[in-house]
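From first to last, the protein sequence lines are chains P and V. First residue of the first sequence: 5, per the working numbering; consecutive thereafter. First residue of the second sequence: 28, per the working numbering; consecutive thereafter. In this text, a Cβ means the ideal position worked out from N, Cα and C, and glycines have one as well. Heads up, the thing below is written out as structure tokens.
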Amino acid sequence: MGRLLCPALLTAGALALAAGFTLFAAVAFGGSPQVTGQDRRASTPVRPAVAASAGDIPSLQTRLQQTPGDHRSWSRLALAYVEEARVSADPTYYRKADEALARAAELAPDDALQLTARAALDNARHDFAAALEAADAAVAANPFSSLAHQLRSDALTELGRYAEARRAARQADDVEPGPSTFARLSYQAELRGDLAEADRLMRLARDASTGSAPAYAFAAFHLGELARGTGDLTAAGRHYAAALDADPDFSPALAGRARLAVARGQTAAALRDYREVVRRLPLPEYVTELGELYLALGRDAEARAQFAVAEASAALARANGVGVDLEVALFEADHGSAEAALAAAREEWAARRSIHTADALGWALHAAGRDAEALPYVRRATRLGTRDARMLFHHGAVAAALGRTGEAREQLRAALAVDNGVAPLRESQARALLAGLGGAR
Amino acid sequence: MSQSRRAPRARATALLGVGTLLVGGGLAGLAPGGATASSHREAPAIAGQPAYDNTDLYAFVDPNDTGMVNIIANWSPFSEPTGGPNFYPWATDARYDIKIDNDYDAKPDVIYRWKFKDARTPKPSDSFTGNGTFLYNNGPVTTLDDENLLFRQTYTLKRIAVRKGKDGVRTLLKNAPVAPSYVGDASMPNYNALRDAAVKAYQGSGRQAFAGQAEDPFFLDLRVFDVLYGGDCKTQAGHDTLAGFNVNTLALKVQSKDLVASDRSVVGIWSTTDRKNSNGKFRQVSRLGQPLVNEVVIPYQVKDTFNTLKPRQDAAALPFVKKSELAATLNAVCGTSAPVNDRTDLVQVFLEGVKGINNPRGKERAAEYLRLNTEWQQGQTFNRLGVVGGDANGFPNGRRLQDDVVDIALQVVGGVLKGNAAQASTLGDGVDKNDTAFGADFPYVALPHSGSITKKAPPAQTGSALLTGGPSNTGGNGGFPTGQVSLVGLGALALVAGAAMARTARKNGAAPASA
Chain P
5 MGRLLCPALL
15 TAGALALAAG
25 FTLFAAVAFG
35 GSPQVTGQDR
45 RASTPVRPAV
55 AASAGDIPSL
65 QTRLQQTPGD
75 HRSWSRLALA
85 YVEEARVSAD
95 PTYYRKADEA
105 LARAAELAPD
115 DALQLTARAA
125 LDNARHDFAA
135 ALEAADAAVA
145 ANPFSSLAHQ
155 LRSDALTELG
165 RYAEARRAAR
175 QADDVEPGPS
185 TFARLSYQAE
195 LRGDLAEADR
205 LMRLARDAST
215 GSAPAYAFAA
225 FHLGELARGT
235 GDLTAAGRHY
245 AAALDADPDF
255 SPALAGRARL
265 AVARGQTAAA
275 LRDYREVVRR
285 LPLPEYVTEL
295 GELYLALGRD
305 AEARAQFAVA
315 EASAALARAN
325 GVGVDLEVAL
335 FEADHGSAEA
345 ALAAAREEWA
355 ARRSIHTADA
365 LGWALHAAGR
375 DAEALPYVRR
385 ATRLGTRDAR
395 MLFHHGAVAA
405 ALGRTGEARE
415 QLRAALAVDN
425 GVAPLRESQA
435 RALLAGLGGA
445 R
Chain V
28 MSQSRRAPRA
38 RATALLGVGT
48 LLVGGGLAGL
58 APGGATASSH
68 REAPAIAGQP
78 AYDNTDLYAF
88 VDPNDTGMVN
98 IIANWSPFSE
108 PTGGPNFYPW
118 ATDARYDIKI
128 DNDYDAKPDV
138 IYRWKFKDAR
148 TPKPSDSFTG
158 NGTFLYNNGP
168 VTTLDDENLL
178 FRQTYTLKRI
188 AVRKGKDGVR
198 TLLKNAPVAP
208 SYVGDASMPN
218 YNALRDAAVK
228 AYQGSGRQAF
238 AGQAEDPFFL
248 DLRVFDVLYG
258 GDCKTQAGHD
268 TLAGFNVNTL
278 ALKVQSKDLV
288 ASDRSVVGIW
298 STTDRKNSNG
308 KFRQVSRLGQ
318 PLVNEVVIPY
328 QVKDTFNTLK
338 PRQDAAALPF
348 VKKSELAATL
358 NAVCGTSAPV
368 NDRTDLVQVF
378 LEGVKGINNP
388 RGKERAAEYL
398 RLNTEWQQGQ
408 TFNRLGVVGG
418 DANGFPNGRR
428 LQDDVVDIAL
438 QVVGGVLKGN
448 AAQASTLGDG
458 VDKNDTAFGA
468 DFPYVALPHS
478 GSITKKAPPA
488 QTGSALLTGG
498 PSNTGGNGGF
508 PTGQVSLVGL
518 GALALVAGAA
528 MARTARKNGA
538 APASA
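Spelled out as structure tokens, the structure:
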């Protein structure tokens, strides 16, 4: 990632500046934001239930001016900044969170809330090993904190320790059930490919969120994503509409609607929604999706402009301490240098062995033409049965390159069944590969 | 582009955001987001789900009919009167319990259980706002079943006699109406009539039940607890932090004989909230017996644990009570000489009951709940300090709405019952009574604040200090800027700073583009 950095950064800076003005109501599930679209749960649902909405920032600041020794308020302020970073897509809030936490840690190094806030920040910055360490300490200090168990589950998930992650989510659900534990368990089910259970749990989360528009929007959006993945476009449209009705500022639902428009071939509507999304949240995930849509439409110059913004946005995240190697690996493999992709993917694989890092490394190896080495990784990425279009496609493409016709056909067909508008470019590639295998639909 | 050039822009963005937030917060009013109090937003794990959050419990012999007992339990702390569009519903995936132990084994013998149902147009699964409308009501609401009330709740109330083998369950009320959130005077021109209609008699003999919104009857100045966070004991107090807020109330008026076992007039009372988990199993997520236990007795670190415990498990808390952390802090910060160790007096007040009043046998199993002697204590003169003030019908013998539990708790911790009366009796938060008068009869809690009334600005500081015997404070408002003014001021400042930095950033940002 280097070619267009300066002008691109300028764009991202302006966009981030705009994002600073646009203050969304805090999304109640809180979050460890995945800065790009490495996994579709753009924010693994986390609820910092601890006074952690952006709206709490002013009262906490006032409180701390008066009583700077109140370490709990410092920890809450840190959580609120993490939340604000997530809803505004402005990673500079992570620095503020870090500063607030330093104050809390100075006053109360072993306090459970301080450790919990640390885990939330580390998760948000994608330092999942550190997040796990903090969450372990938080759980030890307060075994009845649902949030600590939830953050521990998030870290374990991203580290690829799925059985433990699920157990931790269940512990959180036993200690204090609520929308955030339902949503997390839904994600665990989704990772296992159990979409019916994922749907049931996300409905629980939605119906328990009638008191909070952003929480309701979050759950409704994910119900839309689940429905779209199973090809039920009508239901998906209903869920996205419900999400936007609850919270018109909830951009992920707008992106969902854009994907739905792509799946239905309504290009103009898709472009309109995507442009609005990236205007509000210039996150690499959305910017790359829009760029790839332009590519699919043959509008290469516009695509390149979007990719430049994606690079800048990633650079901005990195400058604020957010780890983006995984996202960079995937982006470079598709739109940049295979060498850079491989370097980033290896870096990330060394740090954590999740299905998503396996996918990135496999895909980077494929981009470098090393398909035989790629195969075990792309297989590992699909081993849980996750119905993720990108990972299924990557597995299929690698298998196709190696002449493993049956395996390739199975994976590519599965990818096409669940994609439904995420990546039109990938869809046409999958169809072409299938045709080459003699198995086009 | 170098790091140094990127940095100012990043800072400008952040500052702009904060400026907007501060201005917004200042205009929206004082939200006590960062505050903690008697189980108001106390346990971190339940801060985000107020409908499940127990705040306060009261139990007292009815002053008008001493054969009866009133039990009042509150949820949904800090309900802002202008809290639309959804206001403050009861949770429908929860059970709200009031539990009674009448044989001193710290296990429930009688449970009163509320479960709520929504009548909502449309259902939550259809849409959040409902057919494009944000309205709670659609025109004036004059009765509880008024068509204009778009969101209604009803409840079923059961009394469960816990027995070995099979419990005895009796349904006391079915589909009883909940008094709605007080949206405003235009929507609800006669809220009092709605309140009255929501008071339901059951089983005769004066028994009544109520569920609905009420003014938060708890009164205190939260800032007295700042001493725990390095505040000094000259802390200015005297302003009721909870003035202007509502809660959701469950109230019961029962015959004393409904609660007690044959020959034992003292009962233990506590409230719990259970919530269904993802598998439909109920989990206890909140518990409340005595007030201020989390502030005065239980260290913050174990609050979540405490919320999930049963009173039977409370003996584990004995060491925390016997060695008083708060007393040590008071001594260190304020120079008091409150006894720290061997606090059997605190154990009596908070865990075992006071001998001769609500500890009938002299030695009881330690359990944190309200202990109420259901027999009216004759010859007492009302005193807001209850037993400490010589009035045996008040806290910690149960708890009345008027009992000043903060002053009582501070004075008890200060050692008023343990040879330090002269000094301890000066402790207090400067708030001696509720900001709103209580009702003359059941359910006694005051009507909720109306959503159409603009909240009053906090009154000027009265100059009462945590330790009235401490050095006097002559510094005007004691270093506490009034919230509204300072919020707006600071917000505007941050905005100006943010805008200035944004301009600088744009200038700086222009350089590499032209380079």
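Buried or exposed, going by whether 16 or more other CB atoms sit within 10 Å of the CB of residue i?
i	result
V/Phe-422	buried
P/Gln-69	exposed
P/Arg-387	exposed
V/Pro-346	exposed
V/Asn-219	exposed
V/Arg-388	exposed
V/Gly-307	exposed
P/Ala-167	exposed
V/Lys-460	exposed
V/Phe-409	exposed
P/Glu-180	buried
Which residue comes first and which comes last in the beta strand (DSSP E) that contains residue i?
i	result
V/Asn-219	First-last for V/Asn-219: 218-224, but that is the alpha helix (DSSP H), not the beta strand (DSSP E).
V/Gln-311	309-315
V/Trp-117	No beta strand (DSSP E) contains V/Trp-117, which DSSP labels as neither H nor E.
V/Gly-239	235-242
V/Leu-399	397-400
Take residue i and list the residues in its own chain whose beta-carbon comes closer than 7 Å to its own, dropping the five residues that flank it on each side.
i	result
P/Asp-114	Ala-145
P/Ala-348	Asp-329, Val-332, Ala-333 and Glu-336
P/Arg-322	Val-328
V/Arg-197	Lys-185 and Arg-186
V/Ala-270	Asp-462
P/Gln-192	Ala-169, Arg-170 and Ala-173
V/Lys-134	Asp-128 and Arg-339
V/Ala-188	Val-137, Asp-194 and Gly-195
May I ask you to list the residues that DSSP assigns as paired with residue i?
i	result
V/Tyr-139	V/Ile-125 and V/Arg-186
V/Ser-106	V/Asn-273
V/Tyr-85	V/Ile-99
V/Asn-164	V/Leu-176
V/Thr-181	V/Lys-144 and V/Pro-204
V/Ala-288	V/Arg-291
Closer than 6 Å by C-beta to residue i: which residues in its own chain qualify, once you throw out the five before and the five after it? Chain order, please.
i	result
P/Ala-82	Ala-101, Ala-104, Leu-105 and Ala-121
V/Phe-465	Leu-428, Tyr-471 and Ala-473
P/Pro-183	Ala-209, Ala-212, Ser-213 and Ala-219
P/Gly-442	none
V/Ala-419	Ile-384, Gln-404 and Gln-407
With a threshold of 8 Å on Cβ separation, who are the neighbours of residue i within its own chain once the five nearest residues in sequence on each side are excluded?
i	result
P/Pro-428	Val-266, Glu-296, Leu-297 and Ala-300
P/Ala-342	Glu-336, Ala-368, Ala-371, Ala-372 and Gly-373
V/Val-374	Leu-345, Val-348, Lys-349 and Ala-393
P/Phe-225	His-243, Tyr-244, Ala-247, Phe-254, Pro-256, Ala-257 and Gly-260
P/Gly-440	Ala-404
P/Glu-414	Gly-400
In the DSSP assignment, find the alpha helix (DSSP H) that holds residue i and state where it starts and stops.
i	result
P/Glu-180	Unbroken run through P/Glu-180: none, as it is neither H nor E.
V/Leu-444	Here V/Leu-444 belongs to no alpha helix (DSSP H), and DSSP marks it neither H nor E.
P/Arg-322	304-323
P/Trp-367	359-371
V/Ala-203	Unbroken run through V/Ala-203 is the beta strand (DSSP E), 195-204; no alpha helix (DSSP H).
V/Trp-403	First-last for V/Trp-403: undefined, no H or E at that position.
Is there a Cβ from chain B that is less than 7 Å from the Cβ of residue i?
i	result
P/Asn-146	This model lacks chain B altogether, as its protein chains are P and V.
Cβ of residue i versus every heavy atom of the ligand ZN: is any distance shorter than 6 Å?
i	result
V/Tyr-229	The ligand ZN is not among the ligands present in this structure, which contains no ligands whatsoever.
If the cut-off is 8 Å on Cβ atoms, which residues from the stretch 374-387 of chain P count as contacting chain V, listed in chain order?
none
Between the stretch 300-313 of chain V and chain P, which residues of the former have a C-beta closer than 7 Å to a C-beta of the latter?
Arg-302, Lys-303, Asn-304, Ser-305, Arg-310 and Val-312
Pull out every residue of the stretch 175-195 of chain P whose Cβ sits closer than 9 Å to any Cβ of chain V, in chain order.
Asp-177, Asp-178, Val-179, Glu-180, Pro-181, Gly-182, Pro-183, Ser-184, Thr-185, Phe-186, Leu-189 and Ser-190
Against chain V: residues of the stretch 148-162 of chain P by CB proximity under 8 Å:
Phe-148, Ser-149, Ser-150 and Leu-151
Can you list, in chain order, the residues of the stretch 57-76 of chain P whose Cβ is nearer than 9 Å to any Cβ on chain V?
Ser-57, Ala-58, Gly-59, Asp-60, Ile-61, Pro-62, Ser-63, Leu-64, Gln-65, Thr-66, Arg-67, Leu-68, Gln-69, Gln-70, Thr-71, Pro-72, Gly-73, Asp-74, His-75 and Arg-76
Under 8 Å (Cβ pairs) to chain V, residues found in the stretch 278-291 of chain P
none
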